[in-house]
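To keep things clear, I will list the structure first and then write my remarks on it.
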């Protein structure tokens, strides 16, 4: 063992913490729980392989996401993260429905705004100008989330800062 | 002894006992399913996780492990956390859109109410006999 204290991984695995230990930058000794949970779900060997297959600048994010998934799996041993995904997809669907209802309501209001004048006669030119002045709103195209799970397996995902 | 080993035991090159923990969830006709899960979690961890659950929950657990493993293989950096991030973004966008749309409804509703009142007043001023009103007084043109 060198002068530095072993990282959390090497402490748990009871081994010498090498200078180039793949775990050391991401599992400091002051947070033993972080590695413990990842080891319990994925196993140290698998985590090591996964990290080694990534470039160095990607590893911090990879560790964060592994910790997140491991925590989710510990909280919900049956569904893990999939439970959260299912819940969020539901929310997206509900919001899409509410949006569709609201947009339909706008359409109704705009149609109600069409003047109902007492005179029966209407100049055909008025019809045309009315139509031009009251173009139907451009409906928002909201990508359906129903295929998020399947689509996501076919593309690169974008990651924001969600790990707290 | 099983005549055919499950996908897990085939992969692990071992005998498949009659009470194999993997057999109900990793059938031999889908070797890729176990290979995927084993690559990310390891057979030992998967076995432990399944054993800690009551039997009726193991199918869902095996399915969710498979799904997460696939996500991790597809996206080695973020796994299914990437999907969660995407969904959160979609929710955020949808909520913003909904708020804007509802504000638009409020504005349109208000202006429609004002239109009706103005129309009524205008007609009263014109008199009770049906008089035609000029096309230029169509409410829609007032707000252009």
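Protein chains in written order, with this note's numbering: chain A, 49 to 212; chain B, 610 to 753. Even glycine gets a Cβ: it sits at the ideal position worked out from N, Cα and C.
If you draw a straight line from the C-alpha of residue 145(A) to the C-alpha of residue 152(A), how long is it?
Residue 145(A) and residue 152(A): Cα-Cα distance of roughly 11 Å.
Assigned exposure category for residue 101(A) - 16 Cβ within 10 Å defines buried:
Exposed is the call here.
Could you say which of 641(B), 650(B), 655(B) and 625(B) lies nearest to residue 688(B) if we only look at CA atoms?
Ranking 641(B), 650(B), 655(B) and 625(B) by Cα distance to residue 688(B) puts 650(B) first.
For the alpha helix (DSSP H) that contains residue 109(A), what are its first and last residues?
Per DSSP, residue 109(A) is one residue of the alpha helix (DSSP H) stretching across 104–123.
Could you compute how far the alpha carbon of residue 636(B) sits from the alpha carbon of residue 139(A)?
Approximately 34 Å, taken between the alpha carbons.
With H, G and I counted as helix, E and B as strand and the rest as coil, what does DSSP make of residue 626(B)?
Reduced to three states, the DSSP call for residue 626(B) is coil.
Beta-carbon spacing of residue 673(B), residue 128(A) below 7 Å
Yes; because the gap between Cβ atoms is below 7 Å, this pair is in contact.
At 3 residues or longer, what runs of the beta strand (DSSP E) sit wholly inside the region 635–723 of chain B?
Restricted to the region 635–723 of chain B, not a single beta strand (DSSP E) segment is unbroken, complete and at least 3 residues in length.
If you check the beta carbons only, do residue 112(A) and residue 83(A) fall under 7 Å apart?
Not in contact: residue 112(A) and residue 83(A) (Cβ atoms no closer than 7 Å).
Can you give me the C-alpha to C-alpha distance between residue 73(A) and residue 714(B), rounded to a whole angstrom?
So the alpha carbons of these two residues sit roughly 53 Å apart.
Residue nearest to residue 115(A) in terms of C-alpha spacing, selected from 162(A), 89(A) and 136(A):
For residue 115(A), the nearest C-alpha among the options comes from 89(A).
Going by Cα to Cα distance, which pick from 652(B), 645(B) and 696(B) is closest to residue 623(B)?
Among 652(B), 645(B) and 696(B), the Cα nearest to that of residue 623(B) belongs to 652(B).
Just the chain A side, please: which residues come within less than 8 Å of residue 651(B) by C-beta, in chain order?
Within 8 Å Cβ-Cβ: 90, 91, 93 and 94.
Leaving out five residues before and five after residue 75(A) in sequence, what residues of the same chain have Cβ atoms less than 7 Å from its Cβ?
Within the same chain, residue 75(A) has close Cβ partners 55, 56, 57, 82 and 83.
Short of 7 Å Cβ to Cβ, which residues in the region 122–137 of chain A face chain B?
Within the region 122–137 of chain A, those residues whose Cβ lies closer than 7 Å to any Cβ of chain B are, in chain order, 125, 126, 127, 128, 129, 130, 132, 133, 136 and 137.
Extent of the continuous alpha helix (DSSP H) to which residue 86(A) belongs
Residue range 80–89 is occupied by the alpha helix (DSSP H) that includes residue 86(A).
is_contact[residue 703(B), chain A] using C-beta, thresh 7 Å
It does: the Cβ of residue 703(B) has a partner Cβ on chain A nearer than 7 Å.
Residue 630(B) and residue 662(B) - do their beta-carbons sit closer together than 7 Å?
Going by C-beta atoms, residue 662(B) is not nearer than 7 Å to residue 630(B).
Could you check how far apart the C-beta atoms of residue 648(B) and residue 678(B) are, in whole angstroms? I think they sit under 8 Å.
Confirmed, about 7 Å.
Taking residue 106(A) as the query, report the chain B residues whose CB atoms sit under 9 Å from its CB, ordered along the chain.
Simply 685 and 686.
CB contact check: residue 56(A) to chain B, cutoff 7 Å
So no, residue 56(A) is outside the interface.
Within the 7 Å Cβ cut-off, does residue 99(A) reach chain B?
No - not a single Cβ of chain B is within 7 Å of the one on residue 99(A).
What is the DSSP secondary structure of residue 126(A), reduced to helix, strand or coil?
DSSP, read as helix, strand or coil, puts residue 126(A) in coil.
Can you list, in chain order, the residues of its chain with a C-beta nearer than 8 Å to that of residue 694(B)? Leave out the 5 residues immediately preceding and following it.
The residues are 687.
Hey, quick one: how far does the alpha helix (DSSP H) through residue 620(B) stretch, first residue to last?
Per DSSP, residue 620(B) belongs to the alpha helix (DSSP H) from 616–621.
Cutoff 7 Å: residue 113(A) Cβ touching any chain B Cβ:
Judged by the 7 Å Cβ criterion, residue 113(A) is in contact with chain B.
Could you round the C-beta distance between residue 596(B) and residue 117(A) to whole angstroms and report it? I think they count as a contact, below 8 Å.
There is no way to answer for residue 596(B), as the model of chain B reaches only from 610 to 753.
Nearest-angstrom Cα separation, counted from residue 150(A) out to residue 618(B)
Rounded to whole angstroms, residue 618(B) and residue 150(A) show a C-alpha spacing of 55 Å.
When you compare each of 158(A), 60(A) and 91(A) to residue 244(A) by their alpha carbons, which one comes out closest?
Because chain A in this structure spans residues 49 to 212, residue 244(A) falls outside the shown range and cannot be described.
Verify the contact flag: residue 631(B), CB atom, against every heavy atom of the ligand ADP, threshold strictly below 6 Å.
Among the components modelled here there is no ligand, and therefore nothing to report on the ligand ADP.
Limits of the unbroken alpha helix (DSSP H) element including residue 67(A)
Residue 67(A) -> no alpha helix (DSSP H), and no H or E assigned at all.
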